[in-house]
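Count the sequence shown with UniProt numbering and you get residues 1 to 154, in order. We put the CB at the ideal spot given by N, CA and C, even for glycine.
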Amino acid sequence: MVFVGSTEPVPNSLWKIKFDKELATYPDTPINLQHIKSEMFLGLSFNRNTHYPHNYYYLRSPCTKYTEVSCNGNDKDWIFRHSKFENYDGSLKSNDTINLSIKKTKVINDKEEFLSSHDIHCSIGNYTFQEVVCLSDRLGRNEEWCIELIHGGS
Numbered sequence: 001m002v003f004v005g006s007t008e009p010v011p012n013s014l015w016k017i018k019f020d021k022e023l024a025t026y027p028d029t030p031i032n033l034q035h036i037k038s039e040m041f042l043g044l045s046f047n048r049n050t051h052y053p054h055n056y057y058y059l060r061s062p063c064t065k066y067t068e069v070s071c072n073g074n075d076k077d078w079i080f081r082h083s084k085f086e087n088y089d090g091s092l093k094s095n096d097t098i099n100l101s102i103k104k105t106k107v108i109n110d111k112e113e114f115l116s117s118h119d120i121h122c123s124i125g126n127y128t129f130q131e132v133v134c135l136s137d138r139l140g141r142n143e144e145w146c147i148e149l150i151h152g153g154s
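This is the structure:
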């Protein structure tokens, strides 16, 4: 599962944007989000249905039953779009507000789902976390992500 952390950049909240082209243009370029600390990729996980081997199901959050987002997902290609166009000049900059969506590859004709945070918290052991999930219906500002671009090595 993926959780919301501090609003300030800390090592556990940093992600590297990876893509196959020289430039990432939206909505044409799928991106992968690699967690810098663990080097794992953000995505959706699915399993094969044991009763119907040609059918798959996507893992659901144990807290909300929305589509679970994790750092070991099978589907990892995210599409980004600006959610606010008033300052949009064709490029992606720090402090831009974007939406991230993903298409389930194992579900035919399924709608894209949006990466979303919400006020529901989950507990694991003695720790409480704010969960991040994917939703097919956008609920408002919880699908908006403000990004900070940090230039680093490779």
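Next on the checklist: Could you pull the DSSP bridge partners for S18 from this structure?
Outcome noted: As written in the sequence, residue 18 is Lys, which differs from the Ser given in the question. Its beta-bridge partners are N32.
Item to check | Outcome for C71 when other beta-carbon atoms lying within 10 angstroms are tallied against a minimum of 16 | outcome: buried
Checklist entry - Is the segment 50–66 in contact with the segment 124–143, if contact means three or more CB pairs nearer than 8 Å? => result yes
Item to check | Residue environment, G43, which counts as buried when at least 16 other CB atoms sit within 10 Å | outcome: Counting of Cβ neighbours within 10 angstroms places G43 among the buried residues, the total reaching 16 or more.
Item to check | 3-residue-minimum beta strand (DSSP E) runs that sit fully inside the segment 29–96, ordered along the chain | outcome: DSSP runs (the beta strand (DSSP E)) wholly in the segment 29–96: 32–35, 46–48, 56–58, 67–70, 78–82.
Checklist entry - Helix, strand or coil: how does DSSP classify S116 here? => result strand
Item to check | Proximal residues to F46 (C-beta, below 6 Å), its chain only, five neighbours per side dropped | outcome: Closer than 6 Å at Cβ, skipping near neighbours: Y56, Y58, N74, K106.
Item to check | Simplified DSSP assignment, three categories, for N99 | outcome: strand
Item to check | C-beta contact flag for N99 and R81 at 8 Å | outcome: yes
Item to check | Counted within 10 angstroms of its Cβ, other Cβ atoms place E113 as buried (16 or more) or exposed | outcome: buried
Checklist entry - Whose C-beta lies closer than 8 Å to the C-beta of D119 among residues of the same chain, with five residues either side of it excluded? => result Q130
Checklist entry - When burial is assigned at 16 or more other CB atoms within 10 Å of the CB, is L149 buried or exposed? => result exposed
Item to check | L135, enclosing beta strand (DSSP E) - first and last residue | outcome: 127–135
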